[in-house]
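K.L.:
Here this note's numbering = 1-based position in the sequence shown + 1416.
Glycine is no exception: its CB is placed at the ideal position from the N, C-alpha and C atoms.
Please read all numbers here as calculations on a predicted model, not as lab measurements.
Before anything else, here's the structure in question.
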Amino acid sequence: MPHLQFEFNFTPGETEKVSFAAKIKEHFATIMDTGTDHIGVTVRCYGRNDLSFGRATNPDDGISFVNADIRGGRTSEQKRSLSLAFINQLGTSFKVPQQNVYVILTEHPGEHFQLHDRVLQGWTQGEDPLAE
1417 MPHLQFEFNF TPGETEKVSF AAKIKEHFAT IMDTGTDHIG VTVRCYGRND LSFGRATNPD
1477 DGISFVNADI RGGRTSEQKR SLSLAFINQL GTSFKVPQQN VYVILTEHPG EHFQLHDRVL
1537 QGWTQGEDPL AE
């Protein structure tokens, strides 16, 4: 179950958050070759000066940190494509400049992802971990 956490130094509207989360899930499922039912997205909103990033010269333009906890096994190309999709979506959805986004990926073995009815296995190509 990937947990994709987005921190902003601005607060989008509720409709914008829902639309953004749906697009993020689509990007993840497509790039990481998996289903969507197990994807968790968190959006945390802070004040304008609550996030600081050395490359972001103007916090008024928006800053976003992305922490993505994912199952291991993906290729470097998949991870790079995912990171760029997140960065581009932040620009499209909220006009956050690319240089104001920092993506951190953390890989875990499948058994680190626990649901009430199962423990996920390591990722395999084309799988949907919640499919029966």
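#1: By DSSP's criteria, Phe1481 is part of a beta bridge. Which residues make up the other side?
#2: Under three-state DSSP, which class holds Ile1455?
#3: Per DSSP, Glu1523 is paired with what?
#4: Enumerate in chain order the residues of its own chain whose CB-to-CB distance from Gln1505 is below 8 Å, with the five nearest sequence positions on each side excluded.
#5: Give me the Cα-Cα distance between Phe1469 and Ser1509, rounded to the nearest whole angstrom.
#6: Do Val1517 and Ser1480 come within 8 Å of each other at the CB atom, strictly closer than that value?
#7: Tell me whether Asp1520 is buried or exposed, calling it buried when 16 or more other Cβ atoms sit within 10 Å of its Cβ.
#8: So is Arg1490 buried or exposed if we call it buried at 16+ other beta carbons inside 10 Å?
#9: State buried or exposed for Arg1496, treating a residue as buried only when at least 16 other CB atoms are found within 10 Å of its CB.
P.N.:
Reading off the structure:
#1: The count along the sequence shown starts at 1 and reaches residue 1481 at position 65. Note: Phe1481 is bridge-paired with Glu1423, Tyr1518 in the DSSP secondary-structure output.
#2: Translated into positions along the sequence shown, residue 1455 becomes position 39. In this structure, Ile1455 counts as coil in the three-state DSSP scheme.
#3: Taking the first residue of the sequence shown as position 1, residue 1523 is located at position 107. When beta bridges are read from the DSSP output, Glu1523 appears opposite Ile1486.
#4: On the sequence shown, residue 1505 is found 89 positions in, with the first residue counted as 1. The beta carbon of Gln1505 lies closer than 8 Å to those of Phe1436, Lys1439, Ile1440, His1443 in the same chain, with the five residues before and after it left out.
#5: Position 53 of the sequence shown, counted from the first residue, corresponds to residue 1469. Position 93 of the sequence shown, counted from the first residue, corresponds to residue 1509. Approximately 20 Å, taken between the alpha carbons.
#6: By one-based count along the sequence shown, residue 1480 stands at place 64. By one-based count along the sequence shown, residue 1517 stands at place 101. Yes.
#7: Taking the sequence shown and counting its residues from 1, the one referred to as residue 1520 is at position 104. What sits at residue 1520 in the sequence shown is Ile, not Asp. Answer is exposed; the Cβ neighbour count stays below 16.
#8: Walking along the sequence shown from the start, residue 1490 turns up at place 74. Under this definition Arg1490 is a buried residue.
#9: For this step, residue 1496 is matched to residue 80 along the sequence shown. Exposed, since its Cβ has fewer than 16 Cβ neighbours within 10 Å.
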